[in-house]
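Chemist: A single structure is presented below for examination.
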Amino acid sequence: MVTIGIQTYNRKDILEIMAKSLYKSDLNIPHNIRIYDDCSTEYGKDFLSKLFPTAKSIKINPINFRADKNMYQMYADFVSTGDDYFFNADSDLIFNNQWLNTAIDLIEKTDGVLSLFNANSHNHYKIVDDALCLKNTVGAAGVFFQRSRLVEVLIYFNSIHKVKGFDWQWSEFFTNNGVRIYCVNKSLVQHIGYAGQNAGIWFDIGRNYTVETVADGQIMNDILEKSIDNIRIKDRDREEQINKIVTINEQLNKINEKRMYDFNYCFKRCIIIMLKKIMPKTIYSKLNLKFIKSKKTGT
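Under the working numbering, residue 311 is the last one in the sequence shown; the count climbs by one each step, no gaps.
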């Protein structure tokens, strides 16, 4: 039995695309879909129940724990079930039709950790064969685990308060303990999360993903368009911030120049007053005339 664990938090439009793609894929292998919502404000349990009508469970956090802690809770909940495998589906993926069957076939050739998402941000260090490569790190989205591997993770990270960058942490844990992290050469899932807690201007894509249908091609086209718009908006906002900083710096420079001029003027004035007390009147008059001229010219 496979648990398909899905973390959700807002992004309703992307989640609807993901759910539609998931249910179009071949899910003939026994599985349990389990939803872990991180206190979304755009929808509630009723919406999730309709979107995932076959879900075994839907859990709603009372507050927003953010992605890492929600992931930890999801893994802990899986370990409390009797399921054999866990797939970290995430809410912003689309699926190759045979992703699940292929994962079941390939997991037996691995050490129990297999990413179905060949992310461009995590490079491989070895090509194993036509299907698989090895990586030191992978992101959580798209990873297929044997049960025993997540049990080991939870024994080592025995508190939710220890997690920060959780997928980086368990990647390092596996690598340091001789558990090889396998990854498919041709992505079986594709990332469409152009906006999210861990997405900035750029976001990860799966290398060598095969677009199987016109619908998938349209999804990728729409996401590309939205991501470019997102980049332009953020670039414009950054430019506005830079312009504000430049304006503030120019204003500060003017203030500092004025202060320096005022200081120089006052200093000269004090010297003149002091000299008036000690110098002959004719000499002082000539000196004061020069001072008045310098005041007018700003020198």
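Glycine is no exception: its CB is placed at the ideal position from the N, C-alpha and C atoms.
All values derive from a computational prediction rather than experimental measurement.
Considering only C-alpha positions, which residue in the set Lys238, Glu237 and Ser199 is nearest to Val223?
Modeler: Ranking the options by Cα distance to Val223, first place goes to Ser199.
Chemist: Bridge partners of Thr20, per DSSP?
Modeler: Answer by DSSP bridge pairing, in chain order: Asp49.
Chemist: Let me know the secondary structure DSSP gives Ser33 once reduced to three states.
Modeler: Three-state result, Ser33: helix.
Chemist: Which of helix, strand or coil does DSSP assign to Gly208?
Modeler: Low confidence applies to Gly208: its pLDDT is 49, below 50, so where it sits in the model is not reliable enough to give any reading.
Chemist: Spell out a yes or no on whether the region 105-113 and the region 79-96 are touching, meaning 3 or more CB-CB pairs, one atom from each, closer than 8 Å.
Modeler: The region 105-113, when compared against the region 79-96, does not touch it at the 8 Å Cβ threshold.
Chemist: Buried or exposed for Val226, going by 16 or more other Cβ atoms inside 10 Å?
Modeler: Its Cβ having fewer than 16 others within 10 Å, Val226 is exposed.
Chemist: Within 10 Å of its beta-carbon, does Thr259 have 16 or more other beta-carbons around it, so buried, or fewer, so exposed?
Modeler: Burial call: exposed.
Chemist: Classify Tyr194: buried if its beta carbon has 16 or more other beta carbons within 10 angstroms, exposed otherwise.
Modeler: Label assigned to Tyr194: buried.
Chemist: By the three-class DSSP mapping on this structure, what secondary structure does Val125 have?
Modeler: DSSP places Val125 in strand when its eight states are reduced to three.
Chemist: Any chance the region 24-40 sits against the region 53-68, with 3 or more Cβ pairs inside 8 Å?
Modeler: Enough Cβ pairs lie closer than 8 Å, so yes.
Chemist: Assign Asn82 to buried or exposed, taking buried as 16 or more other Cβ atoms, counted over all protein chains shown, within 10 Å of its Cβ.
Modeler: Classification of Asn82: buried, given that the 10 Å Cβ count is 16 or more.
Chemist: Kindly indicate which three-state DSSP category Tyr168 falls into: helix, strand or coil?
Modeler: Of the three classes helix, strand and coil, the one that applies to Tyr168 here is helix, per DSSP.
Chemist: Anyone know if the C-beta pair for Asp25 and Gly177 falls short of 8 Å?
Modeler: Contact flag unset, no.
Chemist: Go ahead and label Arg248 buried or exposed: buried means 16 or more other beta carbons lie within 10 angstroms of its beta carbon, across all protein chains shown.
Modeler: Looking at its Cβ environment, which holds fewer than 16 other Cβ atoms inside 10 Å, Arg248 is exposed.
Chemist: Grouping DSSP H, G and I as helix and E and B as strand, with all else coil, what is Leu63?
Modeler: Leu63: helix per DSSP, three-state reduction.
Chemist: Closer than 8 Å is the cut-off here; do at least three beta carbon pairs connect the region 232-243 with the region 153-165?
Modeler: Too few Cβ pairs lie closer than 8 Å, so no.
Chemist: Is it true that the CB of Ile72 sits closer than 8 Å to the CB of Lys57?
Modeler: Closer than 8 Å, so yes.
Chemist: What does the Cβ neighbour count give for Lys121, buried or exposed, with the cut at 16 atoms within 10 Å?
Modeler: Flag for Lys121 reads exposed.
Chemist: Starting from the Cα of Met86, find the closest Cα among Ile29, Val165, Asp117 and Leu60 and give me that residue.
Modeler: Taking only the C-alpha atoms, the option nearest Met86 is Val165.
Chemist: Could you compute how far the alpha carbon of Leu112 sits from the alpha carbon of Lys68?
Modeler: Between Leu112 and Lys68, the C-alpha separation is close to 18 Å.
Chemist: What is the DSSP secondary structure of Gln110, counted as helix, strand or coil?
Modeler: Here Gln110 sits in coil by DSSP.
Chemist: Exposed or buried, Ser239, counting other C-beta atoms within 10 Å across all chains shown (16 or more means buried)?
Modeler: Buried, by the Cβ-count rule.
Chemist: Determine the direct distance from the alpha carbon of Asp179 to that of Arg219, and round the result to whole angstroms.
Modeler: Their backbone Cα atoms lie some 19 Å apart in a straight line.
Chemist: Using the rule of at least 16 other Cβ atoms within 10 Å of the residue's Cβ for burial, across every protein chain shown, is Tyr137 buried or exposed?
Modeler: Exposed: under 16 other Cβ atoms inside 10 Å.
Chemist: Excluding the 5 residues flanking Glu28 on each side, which residues of the same chain have their C-beta closer than 7 Å to its C-beta?
Modeler: Hits under 7 Å: Leu63.
Chemist: Rounded to the nearest angstrom, what separates Asp316 and Asn135 at their Cα positions?
Modeler: Because the chain in this structure spans residues 13 to 311, residue 316 falls outside the shown range and cannot be described.
Chemist: In the DSSP output, what is Lys71 paired with across the bridge?
Modeler: Per DSSP, Tyr48.
Chemist: Can you name, in chain order, every residue of its own chain whose Cβ lies under 7 Å from the Cβ of Asp228, other than the five neighbours on each side?
Modeler: Within the same chain, Asp228 has close Cβ partners Ile106.
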